[in-house]
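Enquirer:
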Amino acid sequence: MLNLFFLLVFPAAMVLAACLDFFTMTIPNRLTLAFAALFFPAALLAGLTFAEIGMHVLAGVTMLAIAFTCFAFGWIGGGDAKFVAATGMWLGWNVLLPYALLFSLLGGALTLVLLMARRVPLPEVLFREDWAVRLHDSGNGIPYGIALAVAGLKIYPTTDWMAIFGGA
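Under our numbering, read the sequence shown as residues 1 to 168, first letter to last.
(1) Given Ile155, which residues of its chain have a CB within under 8 angstroms of its CB, disregarding the five upstream and five downstream residues?
(2) In chain order, what residues of the same chain have a beta carbon less than 6 angstroms from the beta carbon of Ala168, not counting five sequence neighbours either side?
(3) So, is Val9 buried or exposed, given that buried needs 16 or more other C-beta atoms within 10 angstroms?
(4) Where Gly47 and Leu33 are concerned, what is the direct C-alpha to C-alpha distance, given to the nearest angstrom?
(5) Measuring alpha carbon to alpha carbon, tell me which of Leu153, Val15, Ala132 and Met162 ends up nearest Thr24.
(6) Helix or strand or just coil, what does DSSP make of Pro123?
(7) For a quick check, are the C-beta atoms of Phe68 and Phe165 less than 8 angstroms apart?
(8) Of all the options Ala37, Ala42, Asp137 and Val125, which has the alpha carbon lying nearest to the alpha carbon of Met116?
(9) Mind checking whether Val150 and Leu106 have CB atoms under 8 angstroms apart?
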């Protein structure tokens with residue numbers, strides 16, 4: 001049962017982050033901190049050595065440095081930067097590059113679609129929906145957490161977590 005819990009932590013965090021970012025344009029720090037914190041018991045239960053855990057943490061720290069550079073340039077939000085770091089820690093070096101490439105492509109596509117949609121007037125029925133008005137407002141950013149989450153869900157089946165917890 002514990003294996004099932006840890007197998008589902010990653011996809012649950014991805015779905016929750018995507019939904020929250022879509023509807024509120026934020027990924028709460030509590031979600032990111034809980035997601036990052038749950039990595040450690042999962043890693044210990046999975047039998048990762050302290051060196052392997054350290055490499056996963058280093059992957060997360062590397063993603064944090066890159067993401068905060070993107071944040072400093074205004075390319076992504078702070079919540080996205082922190083969430084991609086926690087995701088990088090979970091994924092580790094083995095799949096980090098494919099993950100980064102995929103979320104970059106998805107994020108670019110999401111940006112283009114949203115910028116085009118913002119050129120079209122919002123349907124009147126959606127004016128009563130705060131999330132729709134917020135998403136349609138060209139003064140707001142892009143809910144990049146959606147791209148981070150979709151890429152994470154696509155990459156997750158190729159990770160060691162599936163072999164460790166999925167096969168048990």
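Each residue gets a CB set at the ideal place from its N, CA and C atoms; glycine is no exception.
Expert: Taking the structure as given:
(1) Walking along the sequence shown from the start, residue 155 turns up at place 155. Excluding residues within five positions, the ones whose Cβ falls inside 8 angstroms are Leu91, Val95, Pro98, Tyr99 and Leu102.
(2) Start at 1 with the first residue of the sequence shown, and residue 168 comes out as number 168. Interpretation of Ala168 is limited by its pLDDT of 47, a score under 50 that renders its predicted location unreliable; the figure taken from the coordinates is listed afterwards. Asn3.
(3) Stepping through the sequence shown from its first residue, residue 9 is reached at position 9. By the 10 Å Cβ count, Val9 comes out buried.
(4) Indexing the sequence shown from 1 puts residue 47 at position 47. Indexing the sequence shown from 1 puts residue 33 at position 33. Gly47 and Leu33: Cα-Cα distance of roughly 22 angstroms.
(5) Numbered from 1 along the sequence shown, position 24 holds the residue referred to as residue 24. Closest by alpha carbon: Ala132.
(6) On the sequence shown, position 123 is the one that residue 123 refers to. Pro123: coil per DSSP, three-state reduction.
(7) Position 68 of the sequence shown, counting from 1, holds the residue named residue 68. Position 165 of the sequence shown, counting from 1, holds the residue named residue 165. Contact flag unset, no.
(8) If you number the sequence shown from 1, residue 116 lands on position 116. The shortest C-alpha separation from Met116 is found at Asp137.
(9) As a position in the sequence shown, residue 150 is number 150, starting the count at 1. As a position in the sequence shown, residue 106 is number 106, starting the count at 1. Their beta carbons are under 8 angstroms apart, which means Val150 touches Leu106 by this criterion.
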